[in-house]
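Student:
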Amino acid sequence: MSKHTVTVTVNGQEVTREVDARTLLVHFVREDLDLTGTHIGCDTTNCGACTVHLNGTAVKSCTVFAVQADGGTVETIEGLAAGGELHPLQEGFWEKHGLQCGYCTPGMIMTAKELLANNPSPSEDEIRWGISGNLCRCTGYNKIVEAIQYAAEKLRAQESTEEVVA
Amino acid sequence: MTHNPDSRQEMHPVPEGASATVETTDDVRVTTPDTICGMGHRMKRKEDPRFIQGKGRYVDDIKLPGMLYMDIVRSPYAHAKILSIDASEALATPGVLAVITGKDLQEAGDLHWMPTLMSDTQMVLPIDKVVYYAQEVCAVVATERYIAADAIEKVFVDYEPLDPVVDPFEAMKDEIIVRDDKEEKTNHIWHWEAGDEAATDQVFAEAATVVEESMHIPRIHVASIETCGMVANYDPVMGKMQLYMTTQAPHAIRTVFALVSGLPEQKIQVISPDIGGGFGGKVPVYPGYVVCAVASLVTGKPVKWIEDRSENLQADSFARDYHIKAQMAADADGRITGLRVKTLADNGAADAAANPSKFPAGLYSICTGSYDMKAAHVAVDGVYTNKPPGGVAYRCSFRVTEAVHMIERMADIMAHERGEDPADFRLRNFIGPDQFPYESPTGWEYDSGNYEAALQKAMDMLDYRALRQEQAEKRARGELMGIGISSFTEVVGAGPSRDFDILGIKMFDSAEIRIHPTGKAIARFGTKSQGQGHETTYAQIIAEELGIPAADIEVEEGDTDTAPYGLGTYASRSTPTAGAAGAMAARKIKAKARKIAAYLLEVGEDDLEWETDRWQVKGSPDQHKTIQEISFAAYTNHPQGMEAGLEATDYYDPPNLTFPFGSYICVVDIDKGTGEVHVRRFVAVDDCGHIINPMVVEGQIEGGLTQGLAPALYEEIVYDEYGQNLTGTLADYLVPTAVESPKWELGKTITPSPHHPLGAKGVGESPTVGAPPAIANAVVDALWHLGVRHIDIPITPEKVWRVLRNAGVND
Numbered sequence: 130m131s132k133h134t135v136t137v138t139v140n141g142q143e144v145t146r147e148v149d150a151r152t153l154l155v156h157f158v159r160e161d162l163d164l165t166g167t168h169i170g171c172d173t174t175n176c177g178a179c180t181v182h183l184n185g186t187a188v189k190s191c192t193v194f195a196v197q198a199d200g201g202t203v204e205t206i207e208g209l210a211a212g213g214e215l216h217p218l219q220e221g222f223w224e225k226h227g228l229q230c231g232y233c234t235p236g237m238i239m240t241a242k243e244l245l246a247n248n249p250s251p252s253e254d255e256i257r258w259g260i261s262g263n264l265c266r267c268t269g270y271n272k273i274v275e276a277i278q279y280a281a282e283k284l285r286a287q288e289s290t291e292e293v294v295a
Numbered sequence: 004m005t006h007n008p009d010s011r012q013e014m015h016p017v018p019e020g021a022s023a024t025v026e027t028t029d030d031v032r033v034t035t036p037d038t039i040c041g042m043g044h045r046m047k048r049k050e051d052p053r054f055i056q057g058k059g060r061y062v063d064d065i066k067l068p069g070m071l072y073m074d075i076v077r078s079p080y081a082h083a084k085i086l087s088i089d090a091s092e093a094l095a096t097p098g099v100l101a102v103i104t105g106k107d108l109q110e111a112g113d114l115h116w117m118p119t120l121m122s123d124t125q126m127v128l129p130i131d132k133v134v135y136y137a138q139e140v141c142a143v144v145a146t147e148r149y150i151a152a153d154a155i156e157k158v159f160v161d162y163e164p165l166d167p168v169v170d171p172f173e174a175m176k177d178e179i180i181v182r183d184d185k186e187e188k189t190n191h192i193w194h195w196e197a198g199d200e201a202a203t204d205q206v207f208a209e210a211a212t213v214v215e216e217s218m219h220i221p222r223i224h225v226a227s228i229e230t231c232g233m234v235a236n237y238d239p240v241m242g243k244m245q246l247y248m249t250t251q252a253p254h255a256i257r258t259v260f261a262l263v264s265g266l267p268e269q270k271i272q273v274i275s276p277d278i279g280g281g282f283g284g285k286v287p288v289y290p291g292y293v294v295c296a297v298a299s300l301v302t303g304k305p306v307k308w309i310e311d312r313s314e315n316l317q318a319d320s321f322a323r324d325y326h327i328k329a330q331m332a333a334d335a336d337g338r339i340t341g342l343r344v345k346t347l348a349d350n351g352a353a354d355a356a357a358n359p360s361k362f363p364a365g366l367y368s369i370c371t372g373s374y375d376m377k378a379a380h381v382a383v384d385g386v387y388t389n390k391p392p393g394g395v396a397y398r399c400s401f402r403v404t405e406a407v408h409m410i411e412r413m414a415d416i417m418a419h420e421r422g423e424d425p426a427d428f429r430l431r432n433f434i435g436p437d438q439f440p441y442e443s444p445t446g447w448e449y450d451s452g453n454y455e456a457a458l459q460k461a462m463d464m465l466d467y468r469a470l471r472q473e474q475a476e477k478r479a480r481g482e483l484m485g486i487g488i489s490s491f492t493e494v495v496g497a498g499p500s501r502d503f504d505i506l507g508i509k510m511f512d513s514a515e516i517r518i519h520p521t522g523k524a525i526a527r528f529g530t531k532s533q534g535q536g537h538e539t540t541y542a543q544i545i546a547e548e549l550g551i552p553a554a555d556i557e558v559e560e561g562d563t564d565t566a567p568y569g570l571g572t573y574a575s576r577s578t579p580t581a582g583a584a585g586a587m588a589a590r591k592i593k594a595k596a597r598k599i600a601a602y603l604l605e606v607g608e609d610d611l612e613w614e615t616d617r618w619q620v621k622g623s624p625d626q627h628k629t630i631q632e633i634s635f636a637a638y639t640n641h642p643q644g645m646e647a648g649l650e651a652t653d654y655y656d657p658p659n660l661t662f663p664f665g666s667y668i669c670v671v672d673i674d675k676g677t678g679e680v681h682v683r684r685f686v687a688v689d690d691c692g693h694i695i696n697p698m699v700v701e702g703q704i705e706g707g708l709t710q711g712l713a714p715a716l717y718e719e720i721v722y723d724e725y726g727q728n729l730t731g732t733l734a735d736y737l738v739p740t741a742v743e744s745p746k747w748e749l750g751k752t753i754t755p756s757p758h759h760p761l762g763a764k765g766v767g768e769s770p771t772v773g774a775p776p777a778i779a780n781a782v783v784d785a786l787w788h789l790g791v792r793h794i795d796i797p798i799t800p801e802k803v804w805r806v807l808r809n810a811g812v813n814d
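These protein sequence lines map, in sequence, to chains A and B.
Under the working numbering, the first residue of the first sequence is numbered 130, with each subsequent residue one higher.
Under the working numbering, the first residue of the second sequence is numbered 4, with each subsequent residue one higher.
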């Protein structure tokens with residue numbers, strides 16, 4: 130098995146590690162970097178529990194090799210709360226009871242983050258389709274949809290405040 | 004085995020503080036201010052900060068120094084002799100430390116077999132033959148996860164395939180014997196009956212109308228997003244075995260491990276960390292757990308075993324698989340008079356169902372449901388087949404889902420057969436609110452209910468009569484629209500211990516509360532949350548009782564070294580049992596606090612009355628001591644002769660089960676071209692008695708509804724004739740996404756339990772139990788005029804399309 134040195138900026142910090150060619154990004158993040166907030170729920174890209182951002186795009190890290198992230202940036206759930214302040218999505222999930230067992234939550238939040246980046250004012254239907262690659266077994270999704278709506282509103286408000294300040 | 008109604012005449016005493024009168028209301032009871040956040044508050048969950056920031060700690064997150072990894076070689080056959088196992092190539096692989104086979108386990112002290120929860124036996128690892136596809140054959144232990152995964156491909160097992168028996172009706176012929184390890188060469192495991200057969204025959208003989216239907220509740224899988232796994236950490240120096248384990252019942256598991264392994268129980272610590280969903284699938288002990296523990300014993304090192312999704316979907320956590328034949332009798336006035344049910348229970352290759360010991364068919368005899376009838380008789384036969392052991396719950400209190408599906412389908416069939424509106428038929432046949440406590444024909448004593456109120460509310464919420472009119476208009480235009488009702492009665496919260504045990508361990512549950520000098524508290528419980536939110540709701544119960552803010556109460560569960568012994572979380576039993584124990588322990592503390600307050604205020608105990616968070620002098624509320632002042636005094640200034648400290652433990656054995664209920668109405672539109680069922684509306688009115696946290700209850704109901712939708716329309720574990728599982732990935736086993744899941748519309752009524760100290764009932768499984776027949780009834784309601792009487796779940800587009808084609812609706 131060939132070894133490769135990869136350098137990746139993870140949650141704003143550059144890290145360099147030696148990995149097997151076949152090391153999955155999810156195992157790199159969880160086991161080499163000890164960022165266990167990213168979870169594994171299937172091995173077939175169905176459940177989305179392992180969703181992280183690679184170069185700004187949400188990917189299912191169980192079907193990406195760590196070497197594919199070489200030279201790139203990775204953001205995981207641990208990188209979301211800046212300076213101890215919860216991201217509006219984290220706040221929304223807490224406020225609206227968008228989680229129960231918490232296992233799908235990090236992946237769901239990372240998917241929702243990309244959704245809102247591309248579409249700051251999604252309709253309910255757009256939210257449902259937007260998270261349809263992430264499975265949740267506990268909530269029945271209604272409260273996840275509400276959590277994302279809460280975050281969308283808050284992010285829009287922050288955006289307009291920043292524009293006023295600028 | 005016959006379920007004897009007489010055995011439940013003698014009730015355990017009802018605790019003080021239980022509701023004296025039972026009235027149905029609409030409003031959540033709130034008695035404490037926001038600052039205390041007792042029952043009824045929509046408190047944000049205390050556990051959430053770690054989950055939303057990626058700081059949950061699940062089994063696969065645990066990493067111990069020197070930890071090894073285990074992977075499992077599984078059988079490619081459903082039934083085969085094992086001729087030989089050659090592990091030499093695997094063992095020669097760098098990084099591979101051990102291969103564990105059935106023979107190794109046998110030599111280690113007959114550990115190759117283990118008891119199931121139903122006192123049957125199940126192979127841990129086989130020696131002579133395998134009896135189901137994906138069965139655990141041997142395990143490889145290696146220094147790295149990937150090396151272990153590679154090495155299982157290098158173990159060569161020589162099999163001689165045998166004909167499998169996959170169909171339970173074929174299995175009953177005993178032509179192929181699944182379990183030839185048993186003395187009796189038969190696949191028939193048990194026969195079980197409840198009710199009065201002669202009385203039932205009598206009402207059927209006198210009936211004006213009898214309807215009959217056969218239905219299959221297929222095998223499904225809980226598919227929690229976290230699979231099963233373990234980190235076993237045996238310390239050979241201290242002789243202590245730590246088991247980090249995905250288990251819903253850590254204490255019972257510890258006892259079972261002690262009995263099976265011979266390790267002393269105080270040297271076994273089961274730790275159930277954060278659990279990524281359980282739904283019943285994490286109640287049993289699966290072979291992988293046992294082998295993982297043995298691997299740590301053998302190597303003296305920590306060993307991690309985590310199932311992958313395909314292993315999980317192919318080998319464990321299966322539910323249902325009941326083949327039901329039901330008959331319902333009614334008189335000329337349309338009153339149900341009797342029910343007769345025969346059922347074949349496909350258990351797979353072991354009776355490893357997660358049921359209380361005396362109930363091989365679980366609580367299936369609750370099958371008369373919400374209807375008052377003269378007589379009922381139910382008979383169930385359990386049978387072995389060449390499938391993995393089934394019978395875990397899938398978010399259901401011991402087979403009540405199968406029972407409810409049957410009775411709610413039969414009620415609809417009877418109503419339609421009589422040409423009557425299914426709502427009117429139900430309203431006539433409900434057990435009346437004045438009939439509680441109600442003794443059912445199969446021996447259950449329902450604690451409280453108001454079924455009319457729940458159904459009426461659901462009908463009002465969606466303007467039922469207007470929908471019927473719309474349906475008639477659409478039908479005239481050839482459009483297919485259906486309305487389905489399910490008015491279910493749940494039965495949750497086992498004990499009482501007189502009737503309920505798991506492997507002889509009585510089904511009580513426990514709480515231990517310790518108040519610190521500054522008035523803050525830690526509370527530990529015998530249950531284990533898998534997402535239900537116990538860290539919040541248990542704190543709210545204690546806050547309600549003692550007035551200590553819920554934010555000041557730390558709740559812990561899942562570590563058998565610290566938590567009091569309990570039977571765990573499943574079958575919606577946490578609130579009925581451990582929640583009650585929390586209230587009772589708090590009341591013991593309150594009683595001691597009264598003595599301390601009387602001492603501090605220099606009055607008699609009888610001069611004091613409780614108010615929210617304090618003992619105050621009657622008629623002089625300015626003279627009082629708050630619970631915080633009393634807590635401090637308990638450690639600094641307590642009466643001479645009294646023990647210091649302020650803590651209490653309670654082991655709560657409920658007087659009866661609780662019987663939550665509800666009425667669900669589903670509206671579907673069916674695409675004539677494709678057969679696709681679209682759930683347009685779904686109204687769910689639930690009644691779980693007094694509510695601890697409305698937000699958490701809503702979450703439980705919405706999640707449960709989606710897990711009711713799933714088996715109704717999408718999910719089924721499918722086997723081919725060779726016993727191969729054809730649904731071994733989440734691409735084949737269709738867990739609903741946010742797109743399939745409807746926007747649930749919730750309503751509630753509140754009818755307290757008369758015997759629970761907080762008037763509460765369980766709720767987590769009501770929606771999973773109640774939803775499938777509402778959906779199935781809606782589909783059949785849309786198609787009844789075409790001659791359709793029944794469609795088995797899951798109601799896939801293909802099934803509906805075939806029905807429509809047979810009826811000449813499409814071509």
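Where a beta carbon is used, it is the ideal one built from N, C-alpha and C, also for glycine.
The structure presented is a predicted model; accordingly, all values stated were derived computationally and were not measured.
1) Would a C-beta distance cut-off of 8 Å place Phe-664/B and Tyr-454/B closer than the cut-off?
2) Using CA atoms only, rank isn't needed, just tell me which of Asn-432/B, Pro-775/B, Ile-544/B, His-788/B is closest to Val-33/B.
3) Below 8 Å between beta carbons: does that hold for Thr-268/A and Gly-706/B?
4) I believe Gly-487/B touches Ile-778/B by the beta-carbon criterion, under 8 Å. Please report the beta-carbon distance rounded to the nearest angstrom.
5) Just the Cα atoms here: how many angstroms apart are Tyr-279/A and Gly-536/B?
6) Could you check whether Pro-567/B and Ser-513/B sit closer than 8 Å to each other, using their CB atoms as the reference points?
7) At a Cβ cut of 7 Å, what residues of the stretch 712–742 of chain B count as close to chain A, listed as they run along the chain?
8) Can you say whether Thr-186/A is buried or exposed, counting buried as having 16 or more other CB atoms within 10 angstroms of its CB?
9) With a Cβ-Cβ cutoff of 8 Å, do Gly-485/B and Val-671/B count as a contact?
10) Rounded to the nearest angstrom, what separates Cys-191/A and Ala-241/A at their Cα positions?
11) Could you give the distance in angstroms between the alpha-carbon of Thr-819/B and the alpha-carbon of Leu-264/A?
12) If you follow the beta strand (DSSP E) that Pro-221/B is in, where does it begin and where does it stop?
13) For Gly-825/B and Pro-775/B, which I take to be in contact (beta-carbon distance under 8 Å), what is that distance rounded to the nearest angstrom?
14) In three-state terms, what does DSSP make of Glu-207/A?
15) Would Ser-87/B be called buried (16 or more neighbouring beta carbons within 10 Å of its own) or exposed?
16) Could you tell me which residues DSSP pairs with Ala-382/B in its beta bridges?
17) Does DSSP put Met-331/B in a helix, in a strand, or in coil?
18) His-793/B: which of His-194/B, Glu-178/B, Met-413/B sits nearest, CA to CA?
19) Can you check the stretch 653–726 of chain B for any beta strand (DSSP E) of at least 3 residues that lies completely inside it and give the ranges in chain order?
20) How far does the alpha helix (DSSP H) with Met-510/B in it extend, from its first residue to its last?
21) Report the CB separation of Tyr-367/B from Val-381/B in whole angstroms; it is logged as a contact under 8 Å.
22) Do three or more CB pairs link the stretch 541–555 of chain B to the stretch 585–602 of chain B at distances below 8 Å?
23) Three Cβ pairs or more, each shorter than 8 Å: is that satisfied between the stretch 60–73 of chain B and the stretch 129–141 of chain B?
24) Under 8 Å, Cβ to Cβ, is there at least one residue of chain A near Gly-534/B?
25) I need the DSSP call for Cys-191/A, collapsed to helix, strand or coil.
26) How many angstroms separate the CA atom of Met-70/B from the CA atom of Asn-236/B?
27) Can you check DSSP and say which residues form a bridge with Glu-442/B?
28) Check whether the stretch 246–255 of chain B and the stretch 555–575 of chain B touch, using three or more Cβ-Cβ pairs below 8 Å as the test.
29) Short check: CB of Ala-201/B to CB of Leu-246/B, under 8 Å?
30) What is the DSSP secondary structure of Ser-623/B, reduced to helix, strand or coil?
31) Output, in chain order, the set of chain B residues within a Cβ distance shorter than 7 Å of Lys-272/A.
Tutor: Reading from the atomic positions:
1) Tyr-454/B is positioned such that its CB atom lies closer than 8 Å to that of Phe-664/B.
2) Comparing alpha carbon positions, the residue from Asn-432/B, Pro-775/B, Ile-544/B, His-788/B closest to Val-33/B is Ile-544/B.
3) Yes, they are a contact pair.
4) Correct: roughly 6 Å between the Cβ atoms.
5) Each residue's Cα considered, the two are about 21 Å apart.
6) In this structure, Ser-513/B lies near Pro-567/B, with their beta-carbon atoms less than 8 Å apart.
7) The residues in question are Thr-732, Leu-733, Ala-734, Val-738, Thr-740, Ala-741, Val-742.
8) The residue is exposed, with fewer than 16 neighbouring Cβ atoms inside 10 Å.
9) With contacts defined by Cβ atoms closer than 8 Å, Gly-485/B and Val-671/B form a contacting pair.
10) Taking the straight line joining both Cα atoms gives about 18 Å.
11) Residue 819/B lies beyond the range of chain B shown here (4 to 814); nothing can be said about it.
12) Counting along the chain, the beta strand (DSSP E) containing Pro-221/B begins and ends at 212–224.
13) In the structure displayed, chain B extends from 4 to 814; residue 825/B sits before or after that span and is not available.
14) Helix at Glu-207/A.
15) That one is exposed.
16) BP columns for Ala-382/B point to Glu-196/B, Lys-345/B.
17) Note: Met-331/B maps to strand in three-state DSSP.
18) The option with the nearest alpha carbon to His-793/B is Met-413/B.
19) Within the stretch 653–726 of chain B, the complete beta strand (DSSP E) runs of at least 3 residues are 664–673, 680–690.
20) Bounds of any alpha helix (DSSP H) do not take in Met-510/B, whose DSSP letter is neither H nor E.
21) Taking 8 Å as the upper bound for CB-CB distance, Tyr-367/B and Val-381/B are in contact here, some 7 Å apart.
22) Three or more beta-carbon pairs separated by less than 8 Å link the stretch 541–555 of chain B to the stretch 585–602 of chain B, which places the two stretches in contact.
23) No contact exists between the stretch 60–73 of chain B and the stretch 129–141 of chain B.
24) It does; some Cβ of chain A falls within 8 Å.
25) If DSSP states are grouped into helix, strand and coil, Cys-191/A belongs with the helices.
26) Distance between the alpha carbons of Met-70/B and Asn-236/B: 9 Å.
27) According to DSSP, which records beta bridges pairwise, Glu-442/B is partnered with Glu-448/B.
28) Judged by Cβ distances under 8 Å, the stretch 246–255 of chain B makes contact with the stretch 555–575 of chain B, as three or more pairs qualify.
29) A distance of 8 Å or more separates the beta carbons of Ala-201/B and Leu-246/B.
30) Strand at Ser-623/B.
31) Here the neighbours are Gly-702, Glu-705.
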